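Undergrad: Let me give you the structure first, and then I'll get to my questions.
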Amino acid sequence: MLQAVLSSPEHIEKSREYRLLRPWIGTGLITSPRTKWHKHRKLVTPTFHFSILDTFIPVFQKQANVLISKIQSHIQEPWLDIVPLMSLCTLDIICETAMGVSMNLLCGENCDYSEAMHE
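Quick note: the sequence shown uses numbering that gives the first Met the number 0, first residue 0, plus one each step.
Structure (structure tokens):
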């Protein structure tokens with residue numbers, strides 16, 4: 000029964016929080032209504048196959064090392080808000096794995112791009 004529920008296209012309606020994102024990011028795979036999501040999911044599934052994700056490990060490692068260096072540079076401070084650093088690291092990883100572009104946002108490069116994404 001659990002498999003029937005989890006694999007059914009009838010039980011995949013997005014919550015209202017997803018609808019709030021639509022004006023900002025459109026109706027892509029993340030925010031699509033049930034029927035559109037189900038149709039496009041099969042096209043995107045190969046993108047997330049484990050063999051493809053394995054090729055991203057060097058990018059994950061590189062960006063993790065940059066993030067660690069950034070955090071270590073603040074070691075003497077009483078506290079550090081890591082949310083902005085994590086956001087830049089995540090965006091660096093997405094840009095490099097999805098588009099093959101090294102933005103180096105965490106290193107302070109391409110600040111206009113990260114500011115535009117933040118807005």
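For each residue, glycine too, the CB sits at the ideal point set by N, CA and C.
Bear in mind that the values here come from a model prediction, so they are computed numbers and not experimental data.
(1) Quick one: what does DSSP say Pro77 is sitting in, helix, strand or coil?
(2) Using only the alpha-carbon positions, how far apart do Gln71 and Ile92 sit?
(3) From which residue to which residue does the alpha helix (DSSP H) around Thr89 run?
(4) Suppose you measure from the CA of Ser101 to the CA of Thr89; what does that come to, to the nearest Å?
TA: So, from the data block:
(1) coil
(2) For Gln71 and Ile92, the gap between their C-alpha atoms comes out near 20 angstroms.
(3) 82-98
(4) 12 angstroms
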